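Report on the structure given below.
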Amino acid sequence: MSRTTRLFDLMQILRRHRRPISAAVLAQELEVSLRTVYRDIGALKSIGAEIEGEPGLGYVLKPGLMLPPLMFSEEEIEALTLGLKWVGRRADDGLSRAAGEALAKVAAVLPGELRHKMEVSMLWVGPGWERPQTVDLQLLRRAIRSENKLRIVYRDRKGERSTRVVWPFAITFFESTRLLIAWCELRQAFRNFRTDRIEVAERLGERYPRWRHQLAEEWLSTMLPGTVSGRAYAVVTPQRMQERSMHQDIVFYTNPLSRGAIVHWMLEEIGVPYHTETLEFGTSMKSPEYLAINPMGKVPAIRHGDHVITEAAAICAYLAETFPEAGLQPAPEARSDYYRWLFFVAGPVEMALSLKASGFELTPEHEMQMGCGGYTAAVETLAKAVAGRKYIAGDTFTAADVYVGSHIGWGMEFGTLDKRPEFEAYWAGLKDRPAHRRTEEVVAAAMARQSGTDEAQPAKS
Ligand SMILES: N[C@@H](CCC(=O)N[C@@H](CS)C(=O)NCC(=O)O)C(=O)O
């Protein structure tokens, strides 16, 4: 440990203690000799630290007095530098400038050794993939700061425009977008507005009639517990939960003993409320009402507002993209693997497994012509893709893991896929996720009902 770092650490320890702390304890914490502690205390005093005490009595830093220059540990310097660099690249011009200035100020007051560490920090911020914004984020930030009403023209996901007066109180920064969180006078409810969809924003002179922290507290209490947003932001009251689920607008068409379980797992991961319509094979699945949703008469499907999405893989990708706060769409640098394996499993693997399960033997010529190639090649390729990996795309769990994992898990369970160590290891890292467990319970209950061990009502998840 360098002397500068040791002096900083010594200051930090003294700051943490209100009462005198003995030189012996300091020596132990810093892993240095008593003599070094005495010498370092002397050095700190000589450059202005107001440390009281003597050998044998212990030392205490006089409250309220800080030692210039600024004291940061190496770890703190890295955190600050990275954070400020991130703001410099990802926030609006005002914040970006401020981040640059703050970085320069911090660097200016750091002792040479630490300043150098800051300058050569190897933690870099890569390019973002923000959607273009019409409205300057500074204007939104200023409205929040001054608790001013805003008039905005907003284009929703269907492309419909509305003009509203809102009371903005927070902005959440996501990788691809920012959400302005506000009370909406038009809807008389809290609403999140994607800032890239705000076409016009005008700060009204009028203050809104509440404190922004009160609005924030109320909004936080609307978060569903157990969801990603709920965990990320805060807690909830059961009453709020009920209120929220009444406004749900996702309808999930499924049968628990079908590929619908993939989407069920995905919906549970996303954590938004949804309403389940359970359909029976051969009857309600082929009814005119349902054929209007999916002309294939197959499940799963979802209806989200006016949008209908079928195909389990497409639904997973749609949900990941539509609810970015769940973090199930990977960062751009992992997007290639994400699409590659999502499509590979939805196409070639699905087909190769189905052909094999139905007893079709492909000739080498067929294998060349058919998109899935041969069963062995498809399975080998999948095994290589998951070998040694916790997640299929990047370092985090994504919608592709829901989809690929489901096929691997069930494939092994139902014998369409061999229990290879690569598959078992990958599946072991996914199957105990709470969202998957909840799905599994519904599937198990349906299986029990089907085998006549349970005479309960049809499953509703
Ligand atoms: N390609 C569709 C396949 C959907 C599918 O085949 N679903 C089956 C249940 S797993 C089904 O609904 N079968 C009923 C039928 O065809 O009548 C997807 O991946 O979502």
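Position in the sequence shown (from 1) plus 102 gives the number in my numbering.
Note that beta-carbon positions come from the ideal geometry of N, C-alpha and C, so glycine has one too.
On a predicted model such as this, the values are computed, not experimentally measured, just so you know.
Pairwise C-alpha distance: residue j and residue i
i	j	result
residue 107	residue 114	10 Å
residue 225	residue 185	10 Å
residue 410	residue 420	11 Å
residue 125	residue 131	10 Å
residue 214	residue 533	51 Å
residue 178	residue 526	40 Å
residue 452	residue 481	10 Å
residue 423	residue 430	8 Å
residue 270	residue 262	21 Å
residue 277	residue 143	46 Å
residue 198	residue 247	17 Å
residue 360	residue 542	12 Å
residue 455	residue 352	31 Å
residue 188	residue 295	23 Å
residue 311	residue 250	9 Å
residue 216	residue 176	7 Å
residue 141	residue 157	11 Å
residue 461	residue 478	14 Å
residue 566	residue 515	Residue coverage of the chain in this structure runs from 103 to 563, which leaves residue 566 outside it and unanswerable.
residue 183	residue 520	49 Å
residue 237	residue 204	25 Å
residue 239	residue 194	6 Å
residue 547	residue 382	15 Å
residue 523	residue 365	26 Å
residue 229	residue 436	14 Å
Exposure label - residue i; buried when at least 16 CB within 10 Å
i	result
residue 120	exposed
residue 174	buried
residue 398	exposed
residue 299	buried
residue 544	buried
residue 148	exposed
residue 340	Low per-residue confidence applies at residue 340: pLDDT is 39, beneath 50, and the placement is therefore not dependable enough to give any value.
residue 498	exposed
residue 465	exposed
residue 509	buried
residue 280	buried
residue 356	buried
residue 367	buried
residue 500	buried
residue 394	exposed
residue 458	buried
residue 444	buried
residue 432	buried
residue 407	exposed
residue 313	exposed
residue 260	exposed
Strand pairing of residue i, partner residues [DSSP]
i	result
residue 442	None, per the DSSP bridge assignment.
residue 543	In DSSP, residue 543 forms no bridge with anything.
residue 230	Answer by DSSP bridge pairing: none, since residue 230 is not bridged.
residue 286	268 and 291
residue 643	Any answer about residue 643 is impossible in this case: the structure gives the chain only from 103 up to 563.
residue 404	354 and 411
residue 379	355
residue 437	For residue 437, which the question treats as bridged, DSSP gives no partner whatsoever.
residue 303	254
residue 281	274 and 296
residue 263	257
residue 309	250
Residue-level contact to chain C via CB, residue i, 8 Å cutoff
i	result
residue 189	Protein chain content of the structure displayed is limited to a single chain, and chain C is not contained in it.
Candidates the options: closest to residue i by CA position
i	options	result
residue 206	236, 220, 135 and 141	220
residue 317	273, 491 and 156	273
residue 373	308, 538 and 550	538
residue 492	483, 503 and 229	503
residue 512	457, 402 and 363	363
residue 315	496, 285, 307 and 302	285
residue 264	406, 289 and 371	289
residue 540	475, 371, 460 and 427	371
residue 303	319, 252 and 244	252
residue 392	438, 412 and 376	412
residue 150	196, 375, 354 and 163	163
residue 116	232, 135, 160 and 104	160
residue 322	438, 389, 546 and 293	293
residue 376	405, 146 and 357	405
residue 379	280, 310, 402 and 448	402
residue 472	485, 483, 450 and 459	450
residue 223	209, 445, 233 and 518	209
residue 414	506, 486 and 385	506
residue 234	306, 297, 191 and 446	297
Task: Residues surrounding ligand 1 [beta-carbon distance to nearest heavy atom under 5 Å] - done: 360, 361, 400, 401, 413 and 414
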